[in-house]
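What follows is a short report on a single structure.
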Amino acid sequence: MELGRFAPSPSGRMHLGNVFTALLAWLSARQAGGEILLRIEDLDPARSKGEYIEALESDFRWLGLNWDRQAENQSLRGPKYDEIIEELRKNDLIYPCYCTRDQLHAASAPHASDGRVIYAGTCRNLNAAQRAARTKTPCLRIRVPNREITFRDGLQGEYAMNLAGEWGDFIIRRADGVAAYQLAVVADDGSAGVTQVVRGRDLLSSTPAQLWLYELLGLTAPRFYHVPMLLAQDGRRLSKRDKDLDLGYLREHWRPEKIIGLLAFSCGLIDRWEEVSPRELEKNFSWSRVNPRDITLDPEALMHAN
Ligand code: GLU
2 MELGRFAPSP SGRMHLGNVF TALLAWLSAR QAGGEILLRI EDLDPARSKG
52 EYIEALESDF RWLGLNWDRQ AENQSLRGPK YDEIIEELRK NDLIYPCYCT
102 RDQLHAASAP HASDGRVIYA GTCRNLNAAQ RAARTKTPCL RIRVPNREIT
152 FRDGLQGEYA MNLAGEWGDF IIRRADGVAA YQLAVVADDG SAGVTQVVRG
202 RDLLSSTPAQ LWLYELLGLT APRFYHVPML LAQDGRRLSK RDKDLDLGYL
252 REHWRPEKII GLLAFSCGLI DRWEEVSPRE LEKNFSWSRV NPRDITLDPE
302 ALMHAN
């Protein structure tokens with residue numbers, strides 16, 4: 002059976018982009034007769050708030066985006082992630098890195114085409130004496146292979162990356178002891194048996210690293226669908242910072258079907274902006290009808306579209 006998931010981070014009230022991703026995840030799983038898992042990605046203790054967890058669960062219900070199972074919150078899974086890290090350590094796949102932010106971002110640091118700093122491998126081959134001499138609490142990095150990792154995204158098509166050349170050894174546990182997103186998401190989706198991951202296109206470039214972790218951990222990788230970003234006219238992404246259009250505002254002024262209709266219309270699932278429920282969209286849903294390109298909205302105008 003197909004298993005999709007909602008994996009929200011409770012770092013703010015949801016905005017239209019979060020709902021768009023959840024709507025497509027819901028439609029994709031439901032249309033295939035599958036189920037939805039809700040997993041709260043509250044890994045980052047500094048940014049996650051209980052009040053946002055309550056709000057997003059209530060917002061999903063109000064929108065008609067129901068789920069069938071709920072996973073343990075990521076903040077409770079530390080021991081599980083540590084176990085996995087221990088396994089990787091035994092296989093000599095991870096090592097402590099003591100580099101400071103400034104060292105990583107030094108002018109001479111190599112950059113990938115998207116501007117990301119490529120880790121130069123500075124701490125890769127330190128010996129025990131060199132490690133013992135460091136005082137900074139290290140993060141943990143994983144050694145990446147020097148080969149192309151290729152996959153076919155269900156919406157964006159072929160995608161490939163050589164992790165060694167384009168990313169470098171990446172962090173799997175932060176210096177504060179919290180597991181990194183890349184590790185947690187693979188451990189959790191993999192162990193839950195998620196078969197389809199629907200998420201924002203901003204995470205497309207993380208997918209090769211995650212596929213490689215799936216391989217290392219002996220877990221079956223899901224299919225991926227990276228959905229368009231919702232942008233404001235100046236090209237920036239609509240985000241939780243656009244407070245005015247968050248679910249707090251929208252729930253006061255709009256009916257849920259109006260929000261769903263706007264999102265369905267924006268990506269090409271319906272021909273005009275009309276009120277519609279997720280259930281009504283389910284019958285005719287197909288990924289081939291979803292436009293993969295980013296969507297520009299006018300938050301100002303939408304505020305007044307009551
Ligand atoms: N928790 C992430 C977010 O809210 C999603 C991660 C994922 O879908 O893999 O943006």
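Every number in the numbering used here is 1 more than the matching position in the sequence shown, counting from 1.
A virtual CB, placed ideally from N, CA and C, is assigned to each residue, including glycine.
- Residues close to ligand 1 by the beta carbon criterion (under 6 Å to any non-hydrogen atom) are, from first to last along the chain, ALA8, PRO9, SER10, GLU42, VAL186, ARG200 and LEU204.
- Of the candidates ASN285, ARG132 and ASP43, ASN285 places its Cα closest to the Cα of ALA265.
- With a 10 Å radius around the Cβ and a threshold of 16 neighbouring Cβ atoms, PRO111 comes out exposed.
- Residue state for ILE85 is assigned as helix, using DSSP reduced to three classes.
- Nearest Cα to VAL199 within the set ASP83, GLN104 and TYR226: TYR226.
- Per the DSSP secondary-structure output, PHE225 pairs in a beta bridge with VAL198.
- Exposure of MET2 is indicated by the presence of fewer than 16 other C-beta atoms within 10 angstroms of its C-beta.
- ASN67: not part of any beta strand (DSSP E); DSSP gives it neither H nor E.
- The beta-carbon separation of LEU184 and ILE41, rounded to 17 Å, does not stay under the 8 Å limit for a contact.
- Taking a C-beta distance under 7 Å as the contact criterion, ASP170 and TYR120 qualify as a contact pair.
- A check of alpha carbon separations from ARG90 across VAL228, ARG144 and GLY155 identifies ARG144 as the nearest.
- When DSSP states are grouped into helix, strand and coil, ARG135 belongs to the coil group.
- Straight through space, the alpha carbons of VAL228 and GLY158 are spaced by roughly 12 Å.
- When the five nearest sequence neighbours on each side are left out, the beta carbons in the same chain lying within less than 7 Å of the beta carbon of GLU167 are those of ALA113 and ILE119, in order along the chain.
- For the 7 Å CB-CB criterion, GLN71 and LEU39 form a contact.
- Approximately 17 Å separates the beta-carbon atoms of VAL277 and ILE296; this is outside 8 Å, ruling out the contact.
- Contact annotation: LEU44 and VAL186 have beta-carbon atoms that are not nearer than 7 Å.
- When DSSP states are grouped into helix, strand and coil, THR208 belongs to the helix group.
- By the 16-neighbour rule on beta-carbons within 10 angstroms, THR151 is exposed.
- In the pairwise beta carbon analysis, the segment 87–102 is classified as touching the segment 131–147: at least three pairs are separated by under 8 Å.
- The Cβ atoms of MET162 and PRO223 lie no closer than 7 Å to each other.
- Spanning the alpha carbons of SER76 and ASN19 requires a straight line of approximately 20 Å.
- Here LEU239 is actually not in contact with PRO293; their C-beta atoms are around 18 Å apart, not less than 8 Å.
- Separation of GLY249 and HIS16 (C-alpha to C-alpha, rounded to the nearest whole angstrom) is 9 Å.
- Secondary structure note for LEU24: its alpha helix (DSSP H) is the uninterrupted segment 17–32.
- Taking a 10 Å sphere around the C-beta of ARG174, we find 16 or more other C-beta atoms and assign the residue as buried.
- In this structure, the beta-carbon distance from SER29 to GLN197 falls below 7 Å.
- Ranking GLN211, GLU216 and GLY194 by CA distance to the CA of ILE172 puts GLN211 first.
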